[in-house]
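Residue numbers (the numbering used here): 30 to 98.
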């Protein structure tokens, strides 16, 4: 586990990547985080609402999402 400050910094960096214009960057982020139990929930939610090729990864794999998501 990361110390609180490091975790906040990591979450901020991941949040910045969500704004990348390239869907390939967001797709790589989705691939990396899709099966994590510790990914920031707001990042997973944003990826799940992204373009289909990005969203499909987290919607199919993320343990943080429910069937309703």
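Backbone N, C-alpha and C define an ideal beta-carbon position, used for all residues, glycine too.
Residue i, buried or exposed, once every other Cβ within 10 Å from all chains shown has been counted against 16
i          : result
residue 55 : buried
residue 31 : exposed
residue 43 : buried
residue 50 : exposed
residue 97 : exposed
Whole-number beta carbon distance between residue j and residue i, since they are thought to touch under 8 Å
i          : j          : result
residue 52 : residue 80 : 5 Å
residue 78 : residue 84 : 7 Å
residue 73 : residue 58 : Actually they do not touch by this definition, with Cβ atoms about 10 Å apart.
residue 40 : residue 69 : 5 Å
Residue i - DSSP class collapsed to helix/strand/coil
i          : result
residue 80 : coil
residue 95 : coil
residue 48 : coil
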